[in-house]
Amino acid sequence: MTVISREIINKDLSLTIFKDSKNIKKFNYDEVINLIDCAKTFLVNERNAKTNDKVLICPCDFYIPWFFACAELGLTFLVSLSHNPKDYKQVNDQYGHIDHVIVPHIEYFSNIAEQYANVEFDADVLKIYSDTSCKEDFWSTKDSILTLSISETNVNSYNPAQHSHPHWFYYQLLERNIRVLKLTSSDKCMHSKILHHGSSLGIFFLPTIKHCSIHYWALEHSDWHNLIVNEQINRCLFMYYDIITFPAKLAKRVTDLSNLTIYTLRSPSPKDVDYLVKKCNATITSMFGTTITSGPVFLQEVNLSNCDTYDKGNFGKPLDEYYQLCLTEGRLTIKTFGKTVITPDYFKIVNNEFYFI
5 MTVISREIIN KDLSLTIFKD SKNIKKFNYD EVINLIDCAK TFLVNERNAK
55 TNDKVLICPC DFYIPWFFAC AELGLTFLVS LSHNPKDYKQ VNDQYGHIDH
105 VIVPHIEYFS NIAEQYANVE FDADVLKIYS DTSCKEDFWS TKDSILTLSI
155 SETNVNSYNP AQHSHPHWFY YQLLERNIRV LKLTSSDKCM HSKILHHGSS
205 LGIFFLPTIK HCSIHYWALE HSDWHNLIVN EQINRCLFMY YDIITFPAKL
255 AKRVTDLSNL TIYTLRSPSP KDVDYLVKKC NATITSMFGT TITSGPVFLQ
305 EVNLSNCDTY DKGNFGKPLD EYYQLCLTEG RLTIKTFGKT VITPDYFKIV
355 NNEFYFI
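Using our numbering, you'd call the opening residue of the sequence shown number 5 and step up by one each time.
See below:
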């Protein structure tokens, strides 16, 4: 069944929701499933949710249960490129009507709750809501649209292009990325966002939630820097601004991060390499992809053994045959699932390796 649902969640799941050292909640698989059932019932009975409704979900404690509840009911997630709560208002301008806004009622997101007053509800309602009468409701199909996103290159245009991705697209991608990332069942994975950039949902969260059993959900304004160190987390995906703050947060403690692989959607800066790789022995893996095709199309790894010699422009050879790659007048062209995407990025090919120019 190529649908994104609870069926892909690792049955040995251990989920830790982290705010700070004094506010930690742990859930096992059965407890997460119960939260999904409560969330589905709330959406159906209290929100009158319908298939194809558009939903915006803000980072919150119960993000993962809400995600799977919406996915099973056939709702479509709207992806915001912004990490700043003040900019979430752009989502309405980009996508038009929104049916549901799931947002925690805290000061950090107060402007969102005010702007979407007619369609928003408190994400933390799951703390008190216990009805699971709609747990059997399942409206999604493999062709249901799971996400709507906008290319970063035209997000500010008058009429930016929207890109839709169905359930089957993400299901096939997650199966591929389990292999590409060489995941193991014992990996400790940290998530701070899921629906935060194009179709990146399928790059890290979905493959890890299926294949790996130990997960940490840390809100971006939490003390996730120390969580990584203290829990010896070995895999996490950062937005670019997160990796910039990491060295600053740990500046007073040079620590061994040799077990940690940091995935990022952009190449690391020399400052990131100097501190995180050279001083802390972490590995930074840059993932290259596009909003339409997702990815990773290329993986560029910087570690202690190559940090002084690696070529930032060398993205290496294709990872597999999932994407067919060529150049169109120097621009990287990606073919997958019958779609051909000519990117704005210029490359050259030397000995079958792709170099960004």
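Beta carbons are placed, not taken as given, at the ideal position from N, Cα and C, and that holds for glycine.
### Query
In chain order, what residues of the same chain lie with their CB nearer than 6 Å to the CB of Lys23, ignoring the 5 residues before and after it?
Counting from one through the sequence shown, the residue named residue 23 turns up at place 19. Answer for Lys23: Ser226, listed in chain order.
### Task
Would you list, in sequence order, the uninterrupted beta strand (DSSP E) runs of no fewer than 3 residues that lie entirely inside the stretch 178-229?
192-195, 218-222
### Query
Taking Cβ to Cβ, would you say Leu303 is nearer than 9 Å to Gly320?
Your numbering for residue 303 matches position 299 in the sequence shown. Your numbering for residue 320 matches position 316 in the sequence shown. Yes.
### Query
What residues are listed by DSSP as bridge partners for Asn32?
As a first step, residue 32 is located in the sequence shown; it is residue number 28 there, counting from the start. Answer is Ser18.
### Query
Do the stretch 286-301 and the stretch 338-351 make contact, defined as three or more Cβ pairs closer than 8 Å?
yes
### Task
Would you give the residue range spanned by the alpha helix (DSSP H) that Asn115 belongs to?
Position 111 of the sequence shown, counted from the start, is the residue given in the question as residue 115. Start and end: 114-119.
### Task
State the Cα-Cα distance for the pair Gly202 and Ile132, rounded to the nearest angstrom.
Mapped onto the sequence shown, residue 202 falls at position 198. Mapped onto the sequence shown, residue 132 falls at position 128. Using only the alpha carbons, I get a separation of about 33 Å.
### Task
Count the other C-beta atoms from every protein chain shown that fall within 10 angstroms of the C-beta of His169, then say buried if there are 16 or more, exposed otherwise.
Within the sequence shown, numbered from 1, the residue matching residue 169 stands at position 165. Buried, by the Cβ-count rule.
### Bridge partner(s) assigned by DSSP for Gly320
On the sequence shown, residue 320 is found 316 positions in, with the first residue counted as 1. Partner(s): Phe358.
### Task
Using alpha carbons as the reference points, say which of Pro348, Ile12, Asp260 lies closest to Glu179.
For the purposes of this step, residue 179 is identified with residue 175 of the sequence shown, where counting begins at 1. If we check each option's Cα against that of Glu179, Ile12 comes out closest.
### Query
What first and last residue would you give for the alpha helix (DSSP H) that runs through Pro63?
For this step, residue 63 is matched to residue 59 along the sequence shown. Here Pro63 belongs to no alpha helix (DSSP H), and DSSP marks it neither H nor E.
#### Entry: C-beta atoms of Leu241 and Tyr267 nearer than 9 Å
By 1-based counting over the sequence shown, the position of residue 241 is 237. By 1-based counting over the sequence shown, the position of residue 267 is 263. For Leu241 and Tyr267, yes; Cβs fall inside 9 Å.
### Query
So, is Gly293 buried or exposed, given that buried needs 16 or more other C-beta atoms within 10 angstroms?
Within the sequence shown, numbered from 1, the residue matching residue 293 stands at position 289. Result: buried.
### the stretch 278-295 in contact with the stretch 186-193 per 3-pair CB rule at 8 Å
no
### Residues near Lys316 by beta carbon distance below 7 Å, same chain, minus five either side
As a first step, residue 316 must be located in the sequence shown, where it is residue number 312. The residues are Ser271.
### Message
What residue range does the alpha helix (DSSP H) around Pro376 cover?
### Response
Outside the displayed range of the chain (5 to 361) lies residue 376, so it cannot be described from this structure.
### Query
So does the stretch 109-122 actually touch the stretch 27-35, counting three or more Cβ pairs closer than 8 Å?
no
### Task
Could you check the C-alpha separation between Val306 and Asn52 for me, to the nearest Å?
Residue mapping note: residue 306 aligns to position 302 of the sequence shown, counting from 1. Residue mapping note: residue 52 aligns to position 48 of the sequence shown, counting from 1. Answer to the nearest angstrom: the Cα atoms are 48 Å apart.
### Query
So which of His215, Leu223, Asp141, Ser273 has the shortest CA-CA distance to Ile198?
Residue 198 sits at position 194 when you count from the first residue of the sequence shown. The shortest Cα separation from Ile198 among His215, Leu223, Asp141, Ser273 belongs to Leu223.
### Query
Taking C-beta to C-beta, are Thr80 and Leu177 nearer than 9 Å?
Taking the sequence shown and counting its residues from 1, the one referred to as residue 80 is at position 76. Taking the sequence shown and counting its residues from 1, the one referred to as residue 177 is at position 173. Contact flag unset, no.
### Message
If you reduce the DSSP assignment to three classes, tell me which class Phe250 lands in.
### Response
Stepping through the sequence shown from its first residue, residue 250 is reached at position 246. Correct three-state label for Phe250: helix.
### Query
Mind checking Asp147: buried by the 16 CB within 10 Å criterion, or exposed?
Within the sequence shown, numbered from 1, the residue matching residue 147 stands at position 143. Classification of Asp147: exposed, given that the 10 Å Cβ count is below 16.
### Task
Would you mind sorting Ala121 into buried or exposed? The rule is 16 or more other CB atoms within 10 Å of its CB.
Your numbering for residue 121 matches position 117 in the sequence shown. Exposed, since its Cβ has fewer than 16 Cβ neighbours within 10 Å.
### Query
Since Asn27 sits in a beta bridge, which residues does DSSP pair it with?
Indexing the sequence shown from 1 puts residue 27 at position 23. Its beta-bridge partners are Asp24.
### Query
Helix, strand or coil: which one does DSSP assign to Thr45?
Within the sequence shown, residue 45 is the residue found at index 41, counting from 1. The answer is helix: DSSP assigns Thr45 an H, G or I state.
### Query
If we cut at 9 Å on Cβ distances, does Ser84 have a partner in chain B?
Absent from the structure: chain B. Only one protein chain is present.
### Message
Whole angstroms are fine: how far does the CA of Leu264 sit from the CA of Ala286?
### Response
Here residue 286 corresponds to residue number 282 of the sequence shown, with the count starting at 1. Here residue 264 corresponds to residue number 260 of the sequence shown, with the count starting at 1. Roughly 5 Å separates the two Cα atoms.
### Message
Distance check for Val83 and Leu60, CA to CA, integer angstroms please.
### Response
Looking up residue 60 in the sequence shown gives position 56. Looking up residue 83 in the sequence shown gives position 79. About 7 Å.
### Query
When the Cα atoms are used, what is the spatial distance from Gly206 to Phe351?
Working through the sequence shown from its first residue, we reach residue 206 at position 202. Working through the sequence shown from its first residue, we reach residue 351 at position 347. The straight-line gap from Cα to Cα measures roughly 25 Å.
### Query
Between Ser137 and the rest of its own chain, which residues show a CB-CB distance below 8 Å, the 5 nearest in sequence each way excluded?
Locating residue 137 in the sequence shown gives position 133, counting from the first residue. The answer, listed in chain order, is Thr45, Asn49.
#### Entry: Exposure label - Ile353; buried when at least 16 CB within 10 Å
Your numbering for residue 353 matches position 349 in the sequence shown. The residue is exposed, with fewer than 16 neighbouring Cβ atoms inside 10 Å.
### Query
Which first and last residues belong to the beta strand (DSSP E) in which Tyr267 is found?
Position 263 of the sequence shown holds residue 267. Residues 265-268.
### Query
Tell me, which residues are paired with Ser168 by DSSP?
As a position in the sequence shown, residue 168 is number 164, starting the count at 1. Note: Ser168 sits in a beta bridge opposite Leu152.
### Task
From the DSSP output, in three-state form, read off Arg51 for me.
Residue mapping note: residue 51 aligns to position 47 of the sequence shown, counting from 1. Reduced to three states, the DSSP call for Arg51 is coil.
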